[in-house]
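Data block below; observations after.
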Amino acid sequence: MTAPLLPADQAHALDRAADIIRAGGLVGMPTETVYGLAADAGQGDAVARLYAAKGRPRFNPLISHVTDIAMAERLAHIPPLARRLMEEFWPGPMTLVLPRRDTAPVSELATAGLDTLALRAPRHPAARALIARLDRPLVAPSANPSGGVSPTTAQHVLDGLGTKIDLVLDGGPCPVGLESTVIAVGTSTETDQATLLRPGGLDRNVIEAVTGPLARAGDGHAPASPGMLKSHYAPNAPVRLNARTVKPDEVWLGFGDIAGDLNLSARGDLAEAASHLFAYLRKLDADGARRIAVAPIPPTGLGEAINDRLRRAAAPKDASELDIDPA
Ligand code: AMP
Ligand code: MG
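Going by this note's numbering, the first residue of the sequence shown is number -11, and it counts up by one from there.
Next comes the structure, spelled out in structure tokens:
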């Protein structure tokens, strides 16, 4: 049976979603980044079902989603720098990895047994309303089979996981289109050091205006982020990057002046390109592309996260499943 689709802005749909999650079920939920597969972070069996539905490696910890700083405070210790970041960028596409409280209602399975916790307050009104109804942290990794392209519409969620989950809330296309930027604070020996674990939907320059230069995961004492697989976000067709020309058996994903067969952003706008990226990779797959060539994307601003996702989309799928690549 395929999960029903309900409009994310209706109270009855949110009530139904809350009931399902309370009972240990799984709900596809719109966020401003990508659609998440929401479950109660504190119910280990619900989290186990979530991992099974996604086919996700279990050592890969999940982000717990909260409404605001007050809720985060119940779950984790918040160093001053982390608080400043929350005040500046929450709700929004930024996740903070913080030392967890022993009392946090988050199962060991959700954190992969780590003594840290990844927290985010999403901006999407449906996600906020659902978390508020439950008043519990929700894990919500991207609502797609592990390793594939992240979903940015409700239909993408149904396509990938429709038979494995209980409900999808349809909130339209995701405005940001890339997963959150993940920053660790206070988990290294220097407690006010912030480390970039994953580039994402919040431009690192904007964060560095608050933190100063971010350390990179893997530098010296900086913590590595588990679960940054080399091959991830991958369409079925092989992907070739930085393509200034196209070969006969390729379809071309363009950017700016390189129109290609489908252009991520004709005006060269990185935010627009981010919001189109996953949907266009899916479209090219669905259209039967044998190979996908992608025009160069500048590495600045949101281009850092777009290029990160594209490198993982282009990485060989077999050899690297268990590689941990924090870069
Ligand atoms: P996703 O839920 O698919 O957007 O991915 C969550 C990201 O957060 C992954 O890259 C995880 O490795 C990272 N993450 C979650 N919890 C932690 C943690 N406690 N420490 C470091 N990284 C984490
Ligand atoms: Mg994912």
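The C-beta atom is built at its ideal place from N, Cα and C for all residues, glycine as well.
Query                                                                                                                                                                      : Result
Taking 8 Å as the cut-off, is the C-beta of residue 129 nearer than that to any heavy atom in ligand 2?                                                                    : yes
If I follow the unbroken beta strand (DSSP E) through residue 82, where does it start and stop?                                                                            : 82 to 87
Looking only at DSSP bridge pairs, what is residue 266 linked to?                                                                                                          : Answer by DSSP bridge pairing: none, since residue 266 is not bridged.
What whole-angstrom Cβ distance do residue 116 and residue 110 have, given they're in contact under 8 Å?                                                                   : 7 Å
For residue 194, which option in 142, 275 and 292 has the closest C-alpha, if you only look at C-alpha atoms?                                                              : 292
Among 23, 189 and 97, which has the Cα closest to the Cα of residue 294?                                                                                                   : 189
Look up residue 177 in the DSSP assignment and say whether it is helix, strand or coil.                                                                                    : Because the pLDDT of residue 177 is 49, which lies under 50, any placement of that residue in the model is unreliable, and the number read from its coordinates should be weighed accordingly. If DSSP states are grouped into helix, strand and coil, residue 177 belongs with coil.
Let me check you understand the geometry: is the CB of residue 20 closer than 8 Å to at least one non-hydrogen atom of ligand 4?                                           : Ligands in the displayed structure: ligand 1 and ligand 2; ligand 4 is not one of them.
Could you tell me which of -2, 131 and 91 sits nearest to residue 151, measuring between CA atoms?                                                                         : 131
Hey, would you say the C-beta of residue 23 is under 8 Å away from at least one heavy atom of ligand 2?                                                                    : no
For residue 148, does the count of other Cβ atoms within 10 angstroms reach 16, so buried, or fall short, so exposed?                                                      : buried
Classify residue 47 as helix, strand or coil using the three-state DSSP reduction.                                                                                         : coil
If you scan the stretch 93 to 124 from start to end, which runs of the beta strand (DSSP E) of 3 or more residues do you find wholly inside it?                            : 104 to 108
Taking 8 Å as the cut-off, is the CB of residue 167 close to at least one heavy atom of ligand 2?                                                                          : yes
Under 8 Å from any heavy atom of ligand 1, does the C-beta of residue 170 make it?                                                                                         : yes
Check whether the Cβ atoms of residue 157 and residue 17 sit closer than 9 Å, and answer yes or no.                                                                        : yes
Return the chain-ordered list of same chain residues with a C-beta closer than 6 Å to the C-beta of residue 112, the five sequence neighbours on each side being excluded. : 18, 19 and 20
For my contact list, residue 30 and residue 154 are in at a C-beta cut-off of 8 Å; report their separation, rounded to the angstrom.                                       : Not a contact, Cβ separation roughly 18 Å.
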